[in-house]
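Just so we're on the same page, my numbering is the position in the sequence shown counted from 1, plus 273.
We put the CB at the ideal spot given by N, CA and C, even for glycine.
In what follows, a single structure is set out as structure tokens and then discussed.
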Amino acid sequence: MMDKILVFVEAKGDGPRKVSLELLSEGLKLVGSGQFSMEAVFLGKLPGTVKEKVLHYTGKLIHVTDPALENYTAEGYAMALAGYARETSAKIILAGATQRGRDFLPRVAVLLQTGIASDVTGANWDSDPMTFIRPMYGGRVLAEVSFSAYPAIVTARPNSFGVGAPLAQKGEFAEFQAGISPGQVKTSVIKREETTLGKVDLTEADLIVAGGRGLKAAENFRLIEELARTIGATVGATRAVVDAKWRDQADQVGKSGKTVSPKLYMGAGISGAIHHIMGMDTAKVVLAINNDPHAIIFNYANYGIVGDLFEVLPAMTEELRNRLGK
């Protein structure tokens, strides 16, 4: 019998999160080796658009239902996923290291009495045992971890794995009743408010343009926004900027904000405090703009511009608009 891989699928808006498709793509590679079978698992209310997209990235999608899953709670989700993992004797459980994944997957590990490798950025699927790479100590050390017992639970940092081509044929669809007893879930949701930001989440953005206190005032973030709009990037900010109420906390990159791994991270007016670096040091390419040639961020940058951001950003935006025909 082939070993079972479960991939927890998370929705964002009317589609699956990109990191879910990344992990399904990785799972398909393992399925291709002939040693594994894979199922995508969705908990709670399943949007039809998510279902259609996911069915092209897996041989089977399992929709786990239960009244306790009507609203998200870490308790309910953990019980449901752990229950299905037991039912299928899953060997590997993959999920995104999103806010939700970080919240309830550790509970799943406790319920299954197993270990968890969190926030991984790489994997060696062919080694025996399998090994996973995860940053530690603010990204200054990369740890290689493996499991001595199973099931293995792995949460992956968004943008660490690519999204592969969809399958030509749709997978199967089935439902599973979690069977959570009334009263087992102690948490109740009193009120829900959904934000409609209309932008790509920082953790899944390929391009990020971020600003720091060097912008001097909230209104000067228009320079960041104009550049971001020109290249289709998402706007980020430092903790100091958020503390000053220049930007929302949802835009914060860093240890106390969001950890990102974009293809390009452009930082302007950012000195490079360690708690900020810890949130973006796995970016593929870093471009720093600062008028201080000794700014710490230059130590982490692939490219650096020593100059006045109030001159550099408008010039860069204009040049890119010309080159992109905008």
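If you follow the alpha helix (DSSP H) that residue i is part of, which residue opens it and which one closes it?
i, result
"P322", "What sits at residue 322 in the sequence shown is Thr, not Pro. G321 to V327 is the span of the alpha helix (DSSP H), which, as asked, contains T322."
"H336", "Where H336 is concerned, there is no enclosing alpha helix (DSSP H), although the beta strand (DSSP E) it sits in stretches over K333 to T338."
"G552", "I547 to M553"
"Q450", "Not the alpha helix (DSSP H): Q450 falls in the beta strand (DSSP E), residues E445 to Q450."
"G437", "Here G437 belongs to no alpha helix (DSSP H), and DSSP marks it neither H nor E."
"G300", "K291 to G305"
"M352", "A347 to T361"
"F377", "Q372 to L385"
Sort the options by Cα distance to residue i and report the nearest one.
i, options, result
"P439", "L294, V585, I550 and G598", "L294"
"L350", "K291, V282, A501 and V323", "Here residue 350 is Tyr; the residue named in the question, Leu, does not match the sequence. Comparing Cα positions, the closest option is V282."
"A568", "G545, K364 and D581", "G545"
"P408", "F571, R596 and T555", "T555"
"P587", "L496, N572, K302 and Q442", "L496"
"K472", "A441, D524 and Q372", "D524"
"L597", "L500, H548 and L279", "L500"
"L532", "V323, G412 and V383", "Here residue 532 turns out to be Thr, not Leu, going by the sequence shown. Per the Cα distances, G412."
"D399", "K459, S306, M311 and D474", "S306"
"F309", "G288, V280, V323 and L316", "V280"
"A517", "G485, A541 and P535", "G485"
"A284", "V304, F315, G300 and E299", "F315"
"V323", "L342, K528, P402 and F446", "F446"
"P289", "V526, P431 and I389", "P431"
"K464", "P340, N344 and K326", "N344"
"K291", "K599, S534, I406 and A491", "S534"
"V514", "L488, Y538 and K528", "L488"
"H329", "K318, R594, E312 and P340", "E312"
"K326", "Y538, G452 and G437", "G437"
What are the boundary residues of the beta strand (DSSP E) that residue i is part of?
i, result
"S391", "I389 to V393"
"N563", "V558 to N563"
"G580", "Run containing G580: none; DSSP gives neither H nor E here."
"A341", "Unbroken run through A341: none, as it is neither H nor E."
Count the other CB atoms, across all protein chains shown, that sit within 10 Å of the CB of residue i; report buried if there are 16 or more and exposed otherwise.
i, result
"E477", "buried"
"P455", "exposed"
"E417", "exposed"
"M275", "exposed"
"V337", "buried"
"L415", "exposed"
"N563", "buried"
"E299", "buried"
"G356", "buried"
"D287", "exposed"
Can the beta-carbon of residue i be found less than 8 angstroms from the beta-carbon of residue j?
i, j, result
"V579", "P566", "yes"
"T590", "T507", "no"
"K302", "K364", "no"
"D392", "A347", "no"
"A370", "T428", "yes"
"Y573", "I550", "yes"
"I543", "A490", "no"
Under 8 angstroms between C-beta atoms, does residue i make it to chain D?
i, result
"G369", "Of the chains in the structure shown, none is chain D; there is only one protein chain."
Entirely enclosed beta strand (DSSP E) segments - the region 399-428, minimum 3 residues: Qualifying beta strand (DSSP E) stretches, in chain order: 404-409 and 414-419.
Every unbroken alpha helix (DSSP H) inside the region 464-550 [4 residues or more]: Within the region 464-550, the complete alpha helix (DSSP H) runs of at least 4 residues are 495-504 and 512-516.
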